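Report on the following structure.
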Amino acid sequence: MQFSISSAFVSAALALSFASSVVAIDIPYFSGFNLGATTTTGQCKSTADYIADFEAIRSWNQDFTVVKLFSTSDCDQLANAVPAALQTGIKIWAGIWGSDNNKFELEKGALEKAILAHGTSWLQGINVGSEALYRKEIDPWVLANQIWDVKGMVQIAYKAPNVPVGTADTWTAWVEGNTAPVTQAVDVVIMNAFPYWQGETPATALTALQTAIQNTKNSVGGKPIMIGETGWPTGGQNYGAAVPSVENLQAYYNSAGCWLAKEKPYSWLWFSAFDEPNRQEGVERYFGLAKSDRTKKISITC
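Below, the structure is given as structure tokens:
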């Protein structure tokens, strides 16, 4: 399928617009959740499913205004979710898979199609790639080029200069030192940090999160930071001293979630809104703040 903005046009626009200077984009505070693309039966979510998801999230706390989707094209995520977002007042942080160029072009095309159909009022931001540097799936220069490509399409061609574009990766990937071209390209550094995966206990988890944030800040040359993923599972196997349980999810939310919600030091997206029983890995199924039927596991009053 052909779309109106070619990569050649984008490259030309970038050369003209970004060569002289790069203007920093203000990243206003927001909070919300990462969200899966399938129902409990493994079917792709429909617009009605997304409406139910978004309404549940908004009912928990009106401060939850953003959801992050991991793909634009898989399961027709944007095609189905954007009308739901417009109906419910939720905004979407759109994820684009970038490791494979064919997939990247497909994902970019799905984003463009959504913009052509609905404008950009629903679009909170974009991440090109999700932990691709951590998994060493892509050369940093290639990823940087993809980020510039998307920025050219969205910010220049479709005249949405305030929509930030970044890439989501583990905090350890940001501090390893080989991300310079990516750091230069992004408007915002989207860092994922899970004290659970560091083998922490709830008692030490907030300190571990704050240390990860500071280490990332020290490594990204003053670029703004947001928390793309953090959370705690309620099922699956232990990881070192980290134990999955409802009690530990409550404890981690009370410390980390409430710190983020009350102090508002960074925008943040909890991983995740709902349990995903169709995920392959056991513990990954149980990171939801709520069960797969949308009922909360814990209190989120701070």
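In terms of numbering that gives the first Met the number 0, the sequence shown opens at residue 0 and continues consecutively. Glycine is no exception: its CB is placed at the ideal position from the N, C-alpha and C atoms. Everything numeric in this text was worked out from a predicted model, so none of it was measured.
Beta-carbon proximity of residue i to residue j, cut-off 9 Å
| i | j | result |
| --- | --- | --- |
| V66 | S266 | no |
| P163 | I212 | no |
| W258 | T215 | no |
| M152 | I189 | no |
| A80 | T37 | no |
| V141 | T178 | no |
| L77 | A109 | yes |
| W121 | K90 | yes |
Residue range of the unbroken alpha helix (DSSP H) whose run includes residue i
| i | result |
| --- | --- |
| W267 | Where W267 is concerned, there is no enclosing alpha helix (DSSP H), although the beta strand (DSSP E) it sits in stretches over W267 to W269. |
| F103 | N100 to H117 |
| K158 | Where K158 is concerned, there is no enclosing alpha helix (DSSP H), given that its DSSP letter is neither H nor E. |
| K216 | P201 to K216 |
| N79 | Q76 to T87 |
| V219 | Note, V219: premise wrong, no alpha helix (DSSP H); not H, not E. |
| T182 | A179 to A184 |
Rounded distance between the beta-carbons of residue j and residue i, thought under 8 Å
| i | j | result |
| --- | --- | --- |
| K222 | V187 | 7 Å |
| G235 | P243 | 5 Å |
Close-in-space but distant-in-sequence residues of the same chain around residue i (CB under 8 Å, 5 per side omitted)
| i | result |
| --- | --- |
| P27 | S266 |
| T119 | V153, Y157, A159 and V162 |
For residue i, the first and last residue of its enclosing beta strand (DSSP E)
| i | result |
| --- | --- |
| S129 | L122 to S129 |
| L34 | S30 to L34 |
| T40 | Premise fails: T40 is in no beta strand (DSSP E) and is neither H nor E. |
| L68 | F63 to L68 |
| V188 | V187 to N191 |
Simplified DSSP state of residue i, which is helix, strand or coil
| i | result |
| --- | --- |
| W92 | strand |
| D138 | coil |
| F53 | helix |
| D168 | strand |
| E283 | helix |
| I24 | coil |
| G227 | strand |
| K290 | coil |
| Y133 | coil |
| A241 | strand |
| K295 | strand |
Residues near residue i by beta carbon distance below 6 Å, same chain, minus five either side
| i | result |
| --- | --- |
| G230 | W269, F270 and F286 |
| V127 | I95, G97, Q145, I146, V149 and T166 |
| Q249 | I297 |
9 Å Cβ cutoff, residue i in contact with chain B
| i | result |
| --- | --- |
| W59 | Of the protein chains in this structure there is only one, and it is not chain B. |
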